[in-house]
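Report on the structure given below.
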Amino acid sequence: MINETSDGPSWPVQGYRSQTVTVAVWDPWWRRPQSHLAPKAGDRRASRSPGHWGASHVALHSAPPRARRRLAHACAPARANYQIRGLQAVHPRTGQARALRASPAVSSELGLKFPCPGRLVGAGQPPPRRACVTRLDVGAHPGAQRSPFTNRRSPDGASGLGARGDVAHRSHFRSPMARPALPSTPEGTGRTQGPFPQEPEPGPPRRAQGLGVGGGAASAQCSCPQCYRLWRGPRHVTVIEEGGSGSAGLEPALGGCPFNAAQKCPAPAMDCYTANWNPLGESAFYRKYELYSMDWDLKEELRDYLVAAAPYGGPIALLRNPWQKEKAASIRPVLEIYSASGMPLASLLWKSGPVVSLGWSAEEELLCVQEDGVVLVYGLHGDFRRHFSMGNEVLQNRVLDARIFHTEFGSGVAILTGAHRFTLSANVGDLKLRRMPEVPGLQSAPSCWTILCQDRVAQILLAVGPDLYLLDHAACSTVTPPGLAPGVSSFLQMAVSFTYRHLALFTDTGCIWMGTASLKEKLCEFNCNIRAPPKQMVWCSRPRSKERAVVVAWERRLMVAGDAPESIQFVLDEDSYLVPELDGVRIFSRSTHEFLHEVPVASEEIFKIASMAPGALLLEAQKEYEKESQKADEYLREIQELGQLTQAVQQCIEAAGHEHWPDMQKSLLRAASFGKCFLDRFPPDSFVRMCQDLRVLNAIRDYHIGIPLTYSQYKQLTIQVLLDRLVLRRLYPLAIQICEYLRLPEVQGVSRILAHWACYKVQQKDVSDEDVARAINQKLGDTPGVSYSDIAARAYGCGRTELAIKLLEYEPRSGEQVPLLLKMKRSKLALSKAIESGDTDLVFTVLLHLKNELNRGDFFMTLRNQPMALSLYRQFCKHQELETLKDLYNQDDNHQELGSFHIRASYAEQRIEGRVAALQTAADAFYKAKNEFAAKATEDQMRLLRLQRRLEEELGRQFLDLSLHDTVTTLILDGHNKRAEQLARDFRIPDKRLWWLKLTALADLEDWEELEKFSKSKKSPIGYLPFVEICMKQHNKYEAKKYASRVGPEQKVKALLLVGDVAQAADVAIERRNEAELSLVLSHCTGATDGATADKIQRARTQAQKK
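Position 362, counted from 1, in the sequence shown is what numbering that gives the first Met the number 0 calls 361; the numbers after and before it change by one each time, with no gaps.
Next comes the structure, spelled out in structure tokens:
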């Protein structure tokens, strides 16, 4: 049904009332350069025109750069002050309405001309033929009294141009940088595309496809060259076909081209890119876009679940909460774990006690805090890891509430007990419980509380009525937020920022106080006029941004409040849950998963309305270049004249990183690449790195992967942590592809991932050990950085010992094999591997383990089969366990080593009888070993010991433990020459050795007379040269000369030289005609003293040569 109005037909929509304005749109493909004459800034005619912004907005898209800048500056006040509603321009604050001029005077005031026959038409005037006319049908719900975007009531309850009937704002208008591509001729139409459209074929009006941009103003463009339209409207856009009174009617959605019924209009993202931008104050925009359409099949609302979502795009855990009801359900609840896209990861039946709170650790382990204070830890796939208790006090008083928080030390747990006391652990990996101080006068649970981290110390902030208490490890102190509005009787909610730097407090008066977490500085305060306690309140801020905002959620309302008089509000269709992130907030419900964040500076500079930023111009230049338009050169010249081309490229690269949709990323990167071509020395590293990062991000954002990381989160998380999380999700192929694409070192990348894959492979118990071992070896091979021993340890932990042994066969390092074999009680195999390695320390380790594991007999039998191990163990026993060494020799009948053992043992005896007995045992062992020499030597040692004891008794001097030579020397020194000679005869000391001993002893005593008598006693068996040497050693040249004359001819030259008689030595050498002796004497001739002797030797040599 079509309702006729004074302006033409309209399409009725249930629950909405329609107001229609009809304007003509300038055709951009039929343009003349002289028609782009914009007024100068401050032109009164332009600024006073109440409806001129509609025409100027269209004109901005086709004007050249300089004209556009002038036009944008001139039209900015009007765009900010007026909005079109019906056939009037209404001021959003005062409500003052001015009539819209129904003629081309608007454009003429701006100094513009319409090259096409189109013109502005007023109420009751039919559009002319060939006029490209767009009807904007602005609908407003009768019950809408407030605008969710401006938090202000419209003058008459109806809304302007905005999303879902909301008041329009500047973010709804299409950026002048967005231009449509010039399409080709539609296939199958058989028509030529000219400047004027041909007559359309009659037919019913067609519904167009929506843009899919939730909550924003709709916009589209037609792809035919006869029609270029910018459609703006929250619900309905009306297309009037070309012709006088023959009009098609109002469509409730975006329609197709009125000139070509066979061709559909696409929905490019550029035309409506800023439609979901919502201003907060004058310097910040916030946008909310959909990440995933959740595919989970939840049977109940989120309010009936315990919900926990990990940050950085982490998983979501749901546990139906039957314990909160008065009568618990008979069936056990199910713990379900999903990815961020709603893909199921794990599901297990909960068989433990009542759960109070759920939370994720930094390692993506699920912490389930039970009512009895026991915390159960589960893996991402529902595998139980461990559990720990928060103490006996918590067990006795039960848990009322719990918080899981993250610090630089790890993930912590804070507990509120039934006795209204707090217990805290800052790191669950290294559990150290801390009982916080008691709050004075606390008789009931606090209205709200949270965790603060100040100076590496975890603190608890709680609210009791109008008072705030701060608990640290030492005391409880009362704090007061600076600048808090009066009249606050209680705090209903509090939230700390993601980085623990800022704090937000929601009071019962509807005020939101925002300040630093130290409660020393106030940032801002916002009055939302809502006193109902919110379900959640989280911070929404971007790193290095000066804007601070919090997101507050009620049952069906979402509000973004900050340092601005207005707030941003969204309607929630169903129960939602907020997840604070580093740079925004994730919002998920049963059907959707969205992300709300502040628009980054680079994106705002490029896409905001009438932006003349370098990046915006470069993006437009690249698009014009693709259309082979000369405008590309105009834009580039303007950027280069300002010297901002490098900045433009950097802006496009940075903005691409913050975009979620790949098409927009590509568009910005194409623009950056296009701009780089005109720079001589632009470093390509940032561009290449951004392309790589975006490819990785787009891969992990896929629905089946479900990790919606933003660029800022990705940089904070690092690639290594991201790979760990992919491995944790068992997405090994994707992780390997990312490593290969980024060219990471194998040890840090592919090798580590393959090792994790192998550890997961050994857990598949439905495959035989041989098949698993072979598959792992084929996949890993000799990959560097992969330890087969670690994989084997995982297999042993899974109860697959044989598989572990097979895997250890591929381990090239024996030092990695042996410890695991010992752990598996395969000690003999471990001993063989240790011996093969040649590492003695490793062998000793295995031997000591075997000694403690086996009994003595089995241990010795094992050693007999391993000679190398036996030898090493003997060496060990020689220093550590002598009795064990004796047992080894006895068991092996090794009498030779046993005799040596007894000899060494004899010197440990203090009494002479014990020493002699040990030596006798050694002698018997040597006889058994048929070593008569060792046996005789041992018997001589026993005789010497007995003789030494008798000498000690007779002479009263220490002789025990002296050797035979020392004993003889000592007797000579003491003057007991006869006893010394008798001892020499008893032990058959040779005469030469005895003469040497006596000569040395007498010379040490300097008893030269006794020495001379001894030399004359009989012919010396050692000659007389030793006498000369000994005397000279004692510096007695006189005595030495006595013995030099008695030296034989062969050694006389040497003896004379020792006493310093060079001349006589020369005579003896000449007489003997010995060349060696002559050379020796000549070497001792020095200076003028021995000059004659040297000449004499030379003459003797000359005569000898003549003969």
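Cβ atoms here follow ideal geometry from the backbone N, Cα and C, with glycine treated the same way.
What you are looking at is a predicted structure, and each value in this text was computed from that prediction instead of being measured.
Cβ neighbours of Gln865 in the same chain (closer than 8 Å, five flanking residues each side left out): The residue labelled residue 865 in the question sits at position 866 within the sequence shown. Sequence-distant Cβ neighbours of Gln865 in its own chain, meaning closer than 8 Å and more than five residues away, are Leu830, Ser831 and Ile834.
What is the DSSP secondary structure of His901, reduced to helix, strand or coil? Reading the sequence shown from its first residue, position 902 is the one you call residue 901. Helix at His901.
Tell me the rounded alpha-carbon separation between Arg636 and Arg742. Within the sequence shown, the letter at position 637 stands for residue 636. Within the sequence shown, the letter at position 743 stands for residue 742. Going from the Cα of Arg636 to the Cα of Arg742 covers about 39 Å.
Within the continuous beta strand (DSSP E) that includes Ile567, where are the two ends? Taking the sequence shown and counting its residues from 1, one reaches residue 567 at position 568. Looking at the DSSP string, the run of the beta strand (DSSP E) that includes Ile567 is Ile567 to Val570.
Residue from Gly514, Gly312, Arg825 and Cys758 with nearest C-alpha to Gly796: Here residue 796 corresponds to residue number 797 of the sequence shown, with the count starting at 1. The option with the nearest alpha carbon to Gly796 is Cys758.
In DSSP terms, what Val412 is bridged to: What you label residue 412 is simply residue 413 of the sequence shown in a count that begins at 1. In the DSSP output, where bridge partners are listed per residue, Val412 has Ile403 and Ser424.
What are the uninterrupted segments assigned as alpha helix (DSSP H) that are 4 or more residues long and contained completely in the stretch 735-767, given in chain order? Taking 4 residues as the minimum length, the alpha helix (DSSP H) runs contained wholly in the stretch 735-767 are 749-760, in order along the chain.
DSSP three-state assignment for Glu1108, whether helix, strand or coil: Outside the displayed range of the chain (0 to 1106) lies residue 1108, so it cannot be described from this structure.
One question on the structure: do Leu806 and Ala791 come within less than 8 Å of each other, judged by their Cβ atoms? The sequence position of residue 806 within the sequence shown is 807, counting from 1. The sequence position of residue 791 within the sequence shown is 792, counting from 1. Contact: yes.
Hey, would you say Tyr272 sits closer than 8 Å to Ile567, going by beta carbons? The residue given as residue 272 occupies position 273 in the sequence shown. The residue given as residue 567 occupies position 568 in the sequence shown. No, Cβ-Cβ distance for Tyr272 and Ile567 is not below 8 Å.
The stretch 526-540 contacting the stretch 499-513, beta-carbon criterion three pairs below 8 Å: As far as the Cβ criterion goes, the stretch 526-540 touches the stretch 499-513, which means the pair count is three or higher.
Start and end of the alpha helix (DSSP H) containing Trp538? Within the sequence shown, the letter at position 539 stands for residue 538. According to the DSSP assignment, Trp538 belongs to no alpha helix (DSSP H) but to the beta strand (DSSP E) extending over Gln535 to Trp538.
Rounded C-alpha distance that separates Leu970 from Glu1049: If you number the sequence shown from 1, residue 970 lands on position 971. If you number the sequence shown from 1, residue 1049 lands on position 1050. Their backbone Cα atoms lie some 34 Å apart in a straight line.
Decide if Asp857 is buried, meaning its Cβ has at least 16 other Cβ atoms within 10 Å, or exposed. Residue 857 sits at position 858 when you count from the first residue of the sequence shown. The residue is exposed, with fewer than 16 neighbouring Cβ atoms inside 10 Å.
Measuring alpha carbon to alpha carbon, tell me which of Ala418, Ile414 and Lys1032 ends up nearest Trp448. For this step, residue 448 is matched to residue 449 along the sequence shown. It is Ile414 whose Cα lies nearest to the Cα of Trp448.
Three-pair Cβ contact test at 8 Å for the stretch 703-715 versus the stretch 295-304: Between the stretch 703-715 and the stretch 295-304, the count of C-beta pairs closer than 8 Å stays below three; the two stretches do not touch.
Tell me the DSSP secondary structure of Ile699 in three-state form. Sequence index remark: in the sequence shown, residue 699 carries index 700 (1-based). DSSP places Ile699 in helix when its eight states are reduced to three.
Of all the alpha helix (DSSP H) runs that stay within the bounds of the stretch 440-523, which reach a length of 4 or more residues? Runs of the alpha helix (DSSP H) inside the stretch 440-523: none found.
Going by DSSP, which residues form a beta bridge with Cys367? Locating residue 367 in the sequence shown gives position 368, where the first residue counts as 1. Its beta-bridge partners are Leu357 and Leu375.
Is the CB-CB distance between Leu290 and Val559 below 8 Å? Within the sequence shown, residue 290 is the residue found at index 291, counting from 1. Within the sequence shown, residue 559 is the residue found at index 560, counting from 1. With respect to the 8 Å criterion, Leu290 and Val559 are not classified as neighbours on the basis of their beta carbons.
Within 10 angstroms of its Cβ, does Cys1113 collect 16 or more other Cβ (buried), or is it exposed? Here the chain comprises residues numbered 0 to 1106, so residue 1113 is not present and cannot be evaluated.
Less than 8 Å between the CB atoms is what I'm expecting for Leu617 and Ala655, so what's the real figure, rounded? The residue labelled residue 617 in the question sits at position 618 within the sequence shown. The residue labelled residue 655 in the question sits at position 656 within the sequence shown. Ala655 and Leu617 do not touch by the CB rule: their CB atoms are close to 12 Å apart, not below 8 Å.
For Gln1107, count neighbouring Cβ atoms within 10 angstroms of its own Cβ and tell me buried if that reaches 16, exposed if not. The chain is shown only over 0 to 1106; residue 1107 falls outside these bounds and no answer can be derived.
Cβ contact check for the stretch 335-346 and the stretch 386-397: 3 or more pairs under 8 Å: By the C-beta criterion, the stretch 335-346 is judged not to be in contact with the stretch 386-397, since fewer than 3 inter-stretch pairs fall below 8 Å.
Between which residues of its own chain and Arg799 is the CB-CB distance below 7 Å, once the five residues before and five after are set aside? Taking the first residue of the sequence shown as 1, we reach residue 799 at position 800. The residues are Val761 and Asp768.
Local Cβ density within 10 Å of Ser1109, reported as buried at 16 or more and exposed below that: Any property of residue 1109 remains undetermined from this structure, which presents the chain solely from 0 to 1106.
Residue-chain proximity (Cys758, chain D), Cβ-Cβ < 8 Å: Of the protein chains in this structure there is only one, and it is not chain D.
Could you pull out every unbroken alpha helix (DSSP H) segment of at least 4 residues lying fully inside the stretch 589-668, listed in chain order? Runs found: 600-606, 613-625, 630-640 and 644-656.
C-alpha gap between Ser685 and Ala563, whole angstroms: As a first step, residue 685 is located in the sequence shown; it is residue number 686 there, counting from the start. As a first step, residue 563 is located in the sequence shown; it is residue number 564 there, counting from the start. Approximately 35 Å between the Cα atoms of the pair.
DSSP on Ile529, reduced to helix/strand/coil? The residue labelled residue 529 in the question sits at position 530 within the sequence shown. The answer is coil: DSSP assigns Ile529 none of H, G, I, E or B.
Exposed or buried, which one is Tyr304 when buried takes at least 16 other CB atoms within 10 Å? As a working note, residue 304 is residue 305 in the sequence shown. Buried: at least 16 other Cβ atoms inside 10 Å.
Measuring CB to CB, does His894 end up less than 8 Å from Ala917? The sequence position of residue 894 within the sequence shown is 895, counting from 1. The sequence position of residue 917 within the sequence shown is 918, counting from 1. It is not a contact, given that the beta carbons lie outside the stated cut-off.
Cutoff 8 Å; reference Leu884; Cβ partners in own chain excluding five residues on either side: For the purposes of this step, residue 884 is taken as residue 885 along the sequence shown, with counting starting at 1. Only Arg873, Cys876, Lys877 and Phe900 meet the Cβ criterion.
Select from Val354, Glu335 and Asn526 the residue whose C-alpha is nearest the C-alpha of Pro321. On the sequence shown, residue 321 is found 322 positions in, with the first residue counted as 1. The candidate whose alpha carbon is nearest that of Pro321 is Val354.
If we ignore side chains and look at the alpha-carbon of each, how far apart do Ser517 and Val720 end up? Here residue 517 refers to the residue found at position 518 of the sequence shown. Here residue 720 refers to the residue found at position 721 of the sequence shown. Between Ser517 and Val720, the C-alpha separation is close to 31 Å.
Label Val817 either buried or exposed according to how many other C-beta atoms from any shown protein chain fall within 10 Å of its C-beta, with 16 as the threshold for buried. Residue numbering aside, residue 817 sits at position 818 when the sequence shown is read from its first letter. Counting Cβ neighbours within 10 Å, Val817 comes out buried, since at least 16 surround it.
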